[in-house]
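In the working numbering, the protein residues as written are 9 to 249.
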């Protein structure tokens with residue numbers, strides 16, 4: 009192909025028209041994509057999250073739906089000073105800005121106090137360790153009850169007059185009382201005298217050893233009279249009078 013023909017085709021209006029049309033299509037596609045994404049993601053638009061703490065769940069739901077937001081319960085807690093179904097916490101927090109349709113996760117107040125299992129602390133820990141474990145999981149402790157035993161050692165747990173054991177599930181708002189040793193375990197008197205026979209000196213056995221009847225001797229006849237005190241017995245077993 010000669011150079012003149014190549015230049016002539018390159019400068020053709022048809023060729024440049026197609027090139028310009030392709031460029032225009034690409035620009036339109038990019039602009040449409042950007043506009044569509046902005047429209048879909050609500051670019052530049054945000055909603056201020058209201059403070060929901062202390063509100064009833066239904067009231068909070070209506071408030072968020074009016075603002076174009078959604079609500080979902082993610083957890084529950086317990087506060088005896090607040091009514092049931094009251095919102096205790098929220099995520100995102102107050103004054104945060106979110107897009108329309110965003111989900112606000114809330115924690116609501118349970119109508120009943122949670123049941124928590126008693127940890128394995130009975131006869132297994134000191135009073136300091138027991139206090140730390142029980143208060144960490146939310147229990148409230150009363151003044152401990154002293155019992156005979158090793159000082160500051162936990163021997164039991166009592167709640168409302170009932171003895172509890174490891175694994176028992178009780179409401180967390182019920183107070184607990186620890187039974188701890190008073191340190192007088194070794195000072196108490198014992199009713200049993202534990203005497204080591206090997207350490208006793210001069211003790212004599214009060215019992216006398218007697219020999220049994222000779223197997224070769226014939227038993228006394230039933231008709232014989234019982235020997236009187238001080239009487240002699242002959243070889244035949246008959247008393248001498």
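From the three backbone atoms N, C-alpha and C, an ideal C-beta is built for every residue, glycine too.
Under the three-pair Cβ rule at 8 Å, the segment 74-90 does not count as touching the segment 124-131. Looking from the CA of residue 187, the closest CA among 164, 173, 28 and 181 belongs to 164.
Between residue 121 and the set 77, 182, 31 and 113, the nearest pair of CA atoms involves 182.
One Cα belongs to residue 140, the other to residue 107, and the distance between them is close to 44 Å.
The beta carbon of residue 69 lies closer than 8 Å to those of 79 in the same chain, with the five residues before and after it left out.
By the CB criterion at 9 Å, residue 160 and residue 135 fall inside the cutoff.
For residue 115, the three-state secondary structure derived from DSSP is strand.
Runs of the alpha helix (DSSP H) lying entirely within the segment 49-75 and spanning at least 4 residues, in chain order: 65-74. The alpha-carbon of residue 24 is positioned some 15 Å away from that of residue 34. Between residue 185 and residue 153 a beta carbon distance of about 6 Å is seen, short of the 8 Å cut, so the two are scored as contacting.
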